[in-house]
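Colleague: Take this structure first; my questions come after.
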Amino acid sequence: MTVPADPRFVGRAVSVRVNLLVTYPTSAGGGFNNVDQIVERTVQLTAAPPGAQNAYRTIFWYGSVTGFVLLLLSGWLFRVLAVRVAECALPARLLPFEANARS
8 MTVPADPRFV
18 GRAVSVRVNL
28 LVTYPTSAGG
38 GFNNVDQIVE
48 RTVQLTAAPP
58 GAQNAYRTIF
68 WYGSVTGFVL
78 LLLSGWLFRV
88 LAVRVAECAL
98 PARLLPFEAN
108 ARS
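Following this note's numbering, the numbering of the sequence shown begins with 8 at its first residue and continues without gaps.
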């Protein structure tokens, strides 16, 4: 479906009927069988202003990059805190492994 890039259509809603042929597994005894079914839905779509797709993509990529940077930063911070805690900890004492240890 294509909507012309006309400002008169911005904010207007259109009702669209969608028919999909879906295939999904269902259990049958000890295995699965694929079932084909036509699913029909009616949805309301509202037209966005021209260029909204570019704005959406820009926001998506800024959010993705920001999330990735925050993930790396939190991992680095966790590593720094782990090293600081290890520096303050008492030294570890190794115990010899005994083959016939009692439980």
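Using N, Cα and C, we set each Cβ at its ideal position, and we do this for glycine too. If you're wondering where the values come from, they're calculated on a predicted model, not measured in any experiment.
Could you tell me how far apart the beta carbons of Val29 and Val46 are, in whole angstroms, since I believe they sit closer than 8 Å?
Modeller: 5 Å
Colleague: State yes or no: is the C-beta of Val17 within less than 8 Å of the C-beta of Leu52?
Modeller: no
Colleague: Report back the beta-carbon spacing between Ala54 and Val10 to the nearest angstrom; my notes put them in contact at under 8 Å.
Modeller: Your pair Ala54 and Val10 checks out as a contact, with CB atoms roughly 5 Å apart and the cut at 8 Å.
Colleague: Between the alpha carbons of Val76 and Pro98, how many angstroms are there, rounded?
Modeller: 34 Å
Colleague: Apart from the five residues on each side of it in sequence, which residues of its chain come closer than 8 Å, Cβ to Cβ, to Val25?
Modeller: Glu47, Arg48, Thr49 and Val50
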